[in-house]
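Working notes for the structure below.
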Amino acid sequence: MAEGVLFNLAGKVLEMLGPLTLQEINLAYGDVKAELENIKTTVSIIQAVLLDAEKQGSHNNKVKDWLNKLRDVLLDAYDVLDDLSTEDSRYKMMTGNKMTKEVRIFFSSSNQLTYSLKIGHRIKAIRERLDAITIDKKDFRFIQSSIEPQVMNRGRETYSFVLEENVVGREDDKKEIIKLLLDTNTVENVSLIPIVGSGGLGKTTLAQLIYKDENVKNNFELMLWTCVSDNFVVKRIVKQILECFGGRRCEEIESLDILQKHLQRKLNGKKYFIVSDDVWIEDKNQWILLKDLLMGGARGSRIVVTTRSIKVAEIMDTPSRHELKGLAPKKAWSLFVKMAFKERVKSQKTKP
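Numbering-wise, our numbering puts 313 at position 298 of the sequence shown, and it's gapless, one number per residue.
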């Protein structure tokens, strides 16, 4: 096992527990909030010694066994938290406004009770396993690390292609953002347009619809889709832009000054459109640096950013923020039918 892997995995679990937006799901099983807080505390304590533990695990079989147990429970914790986040997003999307009768049936009290009992048991089991691992930790003399907690890359990759037939209820959002993209009254050469909303609401899908729109394509000379996630490194993003726009490999170029000169030559006088999907970085200085590097484009160049973080949108300091809401009841039900009964609908259409 490569050193630092579990350290970063623990950081990811802590990140998912951090905002505790998961509390918005009303779980009926015990005091789930307290269980999640206990998990957060325990993982924080364990993470502090993980760098040393992973080094010792390379030559100590007992430590290696301890690390394997920890890996299994951290992966299970990640899965549970991801399930909670997905359920939370789905509930928000389906009940963003007044619920229809059909949606109300789907989210009936019996369905919620079954789900909350099941997930509650899983959370309790994870907390108990972490407690046991913490006790076993006392058998080893791990050294606490002074390194700031890190977060592993989500490993999520998105792309610009989308099937419009699978999209429901985002026509108005699409029109509103395209209007901002094509606005000729902007003062700045480069304008940022953040799309903000909870996970699962369809930010990426909306950006995909905009990216493939013919009016948008005809309005820009250069277009680029990037998926940023946790890996927001200005130098890496500039290299990616150069490789896409210029067709040249930039892996060996480490000087940001040289990269900037290449970028300026490529963007000089050209009107471009970039989508940065799934952005989490909340460092204003990084955003200012990236925007400064991209200022060589022609007036009307645009960068659309999708993010779950209100803070990300705020540090961009732009009046063009678009907040994505839950679907209207009828559209939410239509989407639910597409998702849950897709095969059934398909078979009905093929009947003679």
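Positions of the beta carbon are idealized from the N, C-alpha and C atoms, including for glycine.
Query	Result
Name the two residues that bound the continuous beta strand (DSSP E) containing Leu207.	Val205 to Val211
Label Arg251 either buried or exposed according to how many other C-beta atoms from any shown protein chain fall within 10 Å of its C-beta, with 16 as the threshold for buried.	exposed
Considering only the beta carbon of each residue, do Phe260 and Lys276 sit closer than 8 Å?	no
Among Asp98, Phe157, Lys218 and Arg317, which residue has its Cα nearest to the Cα of Gly340?	According to the sequence provided, residue 340 is Lys. The question's Gly does not apply to it. If we check each option's Cα against that of Lys340, Lys218 comes out closest.
Quick one: grab the DSSP three-state call for Val202.	coil
Specify whether the segment 196–206 and the segment 320–329 touch according to this definition: at least 3 beta carbon pairs, one from each stretch, less than 8 Å apart.	no
Val47 to Val249, Cα distance in whole Å?	39 Å
Using DSSP bridges, identify the partner residues of Met238.	Phe288
Thinking C-beta only, is Leu65 closer than 8 Å to Phe22?	yes
Going by C-alpha to C-alpha distance, which of Ala63, Val319, Trp81 and Ala92 sits closest to Pro209?	Val319
Who are the Cβ neighbours of Thr36 in its own chain at under 6 Å, not counting the five residues just before and after it?	Residue confidence is low: Thr36 scores 45 on pLDDT, short of 50, so the model does not pin down where it sits. No coordinate-derived value is stated.
Quick test of your reading: Asp292 and Cys242, contact by CB under 8 Å. State the CB separation rounded to the nearest angstrom.	5 Å
What residue range is occupied by the uninterrupted alpha helix (DSSP H) comprising Thr5?	Given a span of 16 to 367 for the chain in the structure shown, any question on residue 5 remains unanswerable.
Since Ala92 and Ile158 are thought to touch, with beta carbons under 8 Å apart, how far apart are those beta carbons, to the nearest angstrom?	Not really, about 24 Å apart at Cβ, beyond 8 Å.
Can you check whether the C-beta of Glu338 is within less than 8 Å of a C-beta belonging to chain C?	Judged by its chain identifiers, the structure shown contains no chain C, having just a single protein chain.
Count the other C-beta atoms from every protein chain shown that fall within 10 angstroms of the C-beta of Ala25, then say buried if there are 16 or more, exposed otherwise.	buried
Quick one, are the C-beta atoms of Glu69 and Leu82 less than 8 Å apart?	yes
As a quick exercise: from Ser316, Val95 and Lys139, pick the residue whose alpha carbon is nearest that of Met238.	Ser316
With DSSP collapsed to three states, give me the class of Glu338.	strand
From which residue to which residue does the alpha helix (DSSP H) around Glu297 run?	That residue, Glu297, is in no alpha helix (DSSP H); it is neither H nor E in DSSP.
Closest to Val253 by C-alpha separation, out of Arg336, Asn234, Glu229 and Gln279, would be which residue?	Gln279
Just confirm the distance between the C-beta atoms of Arg146 and Thr57, as a whole number of angstroms; I'd bet it's less than 8 Å.	Before going on, a small fix: residue 146 reads as Asp here, not Arg. So it is a contact: roughly 7 Å between Cβ atoms.
Span of the alpha helix (DSSP H) holding Thr414?	The chain is shown only over 16 to 367; residue 414 falls outside these bounds and no answer can be derived.
Would the beta-carbon of Val95 fall within 8 Å of that of Ile148?	no
Here's the rule I'm using: 16 or more other beta-carbon atoms within 10 Å means buried, otherwise exposed. How should Ser123 be labelled?	In this prediction, Ser123 scores a pLDDT of 44, lower than 50, which makes its location untrustworthy; the coordinate-derived value is nonetheless stated afterwards. Exposed: under 16 other Cβ atoms inside 10 Å.
Once DSSP output is grouped into helix, strand and coil, what is the label at Phe243?	Per the sequence shown, the amino acid found at residue 243 is Val instead of Phe. Here Val243 sits in strand by DSSP.
Verify whether the separation of the beta carbon atoms of Leu197 and Asn230 is less than 8 Å.	yes
Kindly indicate the opening and closing residues of the alpha helix (DSSP H) around Gln71.	Leu65 to Gln71
In the structure shown, what three-state DSSP assignment does Thr149 receive?	helix
Rounding to the nearest angstrom, what Cα-Cα distance links Phe288 and Glu30 in this structure?	31 Å
So, with DSSP's three-state summary, where would you put Leu32?	helix
Give every residue of the same chain whose Cβ lies closer than 6 Å to the Cβ of Asn76, excluding the five residues on either side of it in the sequence, and list them in chain order.	none
Using the C-alpha atoms, what's the distance from Asp98 back to Val78?	30 Å
Mind checking which residues open and close the alpha helix (DSSP H) that includes Arg280?	Leu271 to Leu282
I need the DSSP call for Gly311, collapsed to helix, strand or coil.	coil
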